[in-house]
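Working notes, beginning with the structure itself.
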C-alpha cells in the first residue's frame, strides 16, 4: 500500500534540506521530533547537544565560522527558554540563525508548554515568525530563511503542533538538494534579483547590499582623510563580513592610516606592518597610545562602543570621528561622530581611495620607518615584559598562554568564554586570520565558550579548535564535554582555574566586600574531564604542558582538558575598564 501525503513537519524538514540546511544543532523533544527526523531523513547532519543553551551557541558559532546559516531545532516552551541565552547572543551579534521550535497548538490553551514565544523572541532582538497553516508552510519557511540570510538576523520560527501534524498536499518539491557551503566561503556574495531561494540559502550569508554612499558623502570622507596627519582605521564585524581587508589596506596606505580592529574582527589585518591589532580594552600599551594620538578615527563596520574606544578614552582631544556602517541605527549610537556614512565598508573604502587617487593625493600620514620598527617589537602582548607570578603551585595566566601559543599549530580557531581571564587567550594566543577568533561576547554571558568551540570545530574540522574557559564557565557548561567526546572532536579545552568568579573578586574585593558568594573550593576539573572520556592534565607550571604536547602529536581522537591552576593575585589588565560600564 502506498504511503499517503506527508504531514507538514515532514514537508518543512524536506524543504529546509533542499534549501541547503546541511547541519542542524539541537535537543529533541516531542515538539520538534518529527521535523528533526525529517531533516535527518533528507540528508542533514543533526548534532545533538546536551542542553538547548549549548545547542543554540553551537549553531551560532557554526554560522560565524562557516559563513553560512546556522540552524537550531528545539522543543516548545522549556526547549526554547533553555536556549534563550544563546539565541540572545546570536541576535545581538546579527548572526544569521534559524531557530525551529515547536509551539503549542492554537486550541491548547491549558498546555503546560504555552508561553508567548513570539514575544520572547522579540524581547531578545530576534525576529518572530510562524508556520501559519499547511497551505502556507513552505512560503513561511522561505520567508524566515530569507530574513535570516538577507538581513543577517536571528529568526525564531514557531511550528504549532496542530499545523505540524496536518496533511501537506502543497506544491511539488523544490528540486534536488544543493551543495553545502564551502569551508572557506567567498569574502562577499550578494544575490541578485531573481536568485532562487535555495541558492540564496545555500551560499554563505551575504552582507545586505546597499549602494556606495553618494559622491558628496564620499568627497567629505576624502576631505577628512586628506586633512588628517595621524589617521587610524578601526575595522569591526561589518568590515570582516564585507571582505574589506584589501580595500581598507589600500586606502590606509594612500592616506597613511594605522590599522586596528574590534575584538570580533581580530586578525583582519594580520601581516600588515602597520597593524595595531585590537583597539579598546584589549589594546596593547603601544596600540592604545597610538590610537589615542590620532587626529582622525574612522570606524568601518564597527559600533565604536565603550569596549572598542575604552569609554571614549581612546579618542584624543580634538580628534574627529567618522563612522561607516550599513545600519543607520548604528551611526553615533555609542559615541558622537563628526561624519557618518551609510554604506558597505569595502565598497566605501574603494570609493574613497578612488576619490583620493583622482585628486592625486598621497600622504605618509601616521606611518614612518621608525613606527614600523617599533610595531615589529611591540605589536603583541607577549612582546611586553611582565613580572611572572608563577609560584610552582599556580601558573601565571600570561605564562600559560604564551607557552600554549608556542605549542599549538598555526592553523587554529580560538573560542573564548567570558570572565576575568578572557583577555589572556584572546590576545596572547595568535590567530591565523579574521576567522581564527570566535568571540561570543555580545551578551557578555558566562558559560558559552565550550559550546562556541564545539560549533566552530564542526564548521572547521581542518583546524585545531581551542576552548578557553574560566572555571565558572566550564562548570556551567560541562555537560557539553560529552557532546565533544561523542563527536570525536580533537578539541583542546583550557580552563583558567582561579576557583572563583574572578571578575567579581577583583571588582568588589578591594572595597572590603565579603567574597564567600563568588569563591569556591578546589575542583579536580581534570578528573571531571576524564569522567566524560577526555584526556586531561592538571597544569601548575610550564613543564606540566608536556602532556598537551603529547596529545597534539596525535591522534587527537578525543578532547583534551587542561585544568590550569592560575594565579589570581591581581585583576586582568582590561578589567577596570570593563567594569566602568556596570
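Residue numbers (my numbering): 369 to 950.
Backbone N, C-alpha and C define an ideal beta-carbon position, used for all residues, glycine too.
Source: prediction; values computed, not measured.
Reduced DSSP category for residue i - H, G, I as helix; E, B as strand; rest coil
i           : result
residue 766 : helix
residue 710 : strand
residue 868 : strand
residue 674 : coil
residue 790 : coil
residue 602 : strand
residue 436 : coil
residue 574 : Bear in mind that the predicted position of residue 574 carries a pLDDT of just 43, short of 50, making it too unreliable to give a figure here.
residue 935 : coil
residue 519 : coil
residue 463 : coil
residue 404 : helix
residue 414 : strand
residue 617 : helix
residue 394 : strand
residue 727 : coil
residue 779 : coil
residue 377 : helix
residue 683 : coil
Among the options, nearest to residue i - alpha-carbon criterion
i           : options            : result
residue 537 : 376, 488, 893, 466 : 376
residue 373 : 492, 534, 499      : 534
residue 409 : 379, 763, 908, 628 : 379
residue 480 : 817, 447, 606      : 447
residue 778 : 801, 618, 513      : 801
residue 722 : 587, 912, 887      : 587
residue 414 : 939, 815, 855, 745 : 855
residue 889 : 933, 486, 469      : 933
residue 816 : 630, 419, 381      : 419
residue 385 : 486, 478, 513      : 513
residue 526 : 690, 638, 869, 489 : 489
residue 498 : 491, 492, 485      : 485
residue 500 : 493, 510, 491, 494 : 510
residue 806 : 641, 618, 431, 396 : 431
Cβ-Cβ distance between residue i and residue j below 7 angstroms
i           : j           : result
residue 635 : residue 678 : no
residue 458 : residue 522 : yes
residue 825 : residue 857 : yes
residue 904 : residue 929 : yes
residue 429 : residue 423 : no
residue 789 : residue 864 : yes
residue 530 : residue 451 : no
residue 821 : residue 927 : no
residue 763 : residue 750 : no
residue 811 : residue 425 : no
residue 390 : residue 407 : no
residue 716 : residue 692 : yes
residue 874 : residue 923 : no
residue 475 : residue 444 : no
residue 615 : residue 718 : yes
residue 632 : residue 605 : yes
residue 494 : residue 524 : yes
residue 720 : residue 619 : yes
residue 672 : residue 702 : yes
residue 395 : residue 404 : no
residue 655 : residue 644 : yes
residue 421 : residue 453 : yes
Near the ligand GTP: residue i beta-carbon under 6 angstroms from a heavy atom
i           : result
residue 668 : Summarising the ligand content, the structure contains no ligands, and the ligand GTP is consequently not present.
Count Cβ pairs between the region 650 to 669 and the region 820 to 838 that sit closer than 8 angstroms; are there 3 or more? no
Check whether the region 779 to 796 and the region 833 to 841 touch, using three or more Cβ-Cβ pairs below 8 angstroms as the test. yes
Whether or not the region 461 to 474 and the region 434 to 450 are in contact is what I'm after, with contact meaning three or more pairs of Cβ atoms, one per stretch, closer than 8 angstroms; do they touch? yes
Looking at C-beta atoms only, is the number of pairs between the region 616 to 636 and the region 590 to 602 that lie closer than 8 angstroms three or more? yes
Do the region 753 to 765 and the region 697 to 717 touch if we need at least three Cβ pairs shorter than 8 angstroms? no
The region 842 to 854 contacting the region 905 to 912, beta-carbon criterion three pairs below 8 angstroms: no
May I have a chain-ordered list of the alpha helix (DSSP H) segments no shorter than 4 residues that lie completely inside the region 781 to 850? 791 to 796, 817 to 827, 839 to 844
Starting from the N-terminal side, write out each stretch of the beta strand (DSSP E) that is 3 residues or longer and does not extend beyond the region 474 to 540. 495 to 498, 522 to 528
Please go through the region 900 to 933 and give each complete alpha helix (DSSP H) segment of 4 or more residues, from N-terminal end onward. 914 to 920
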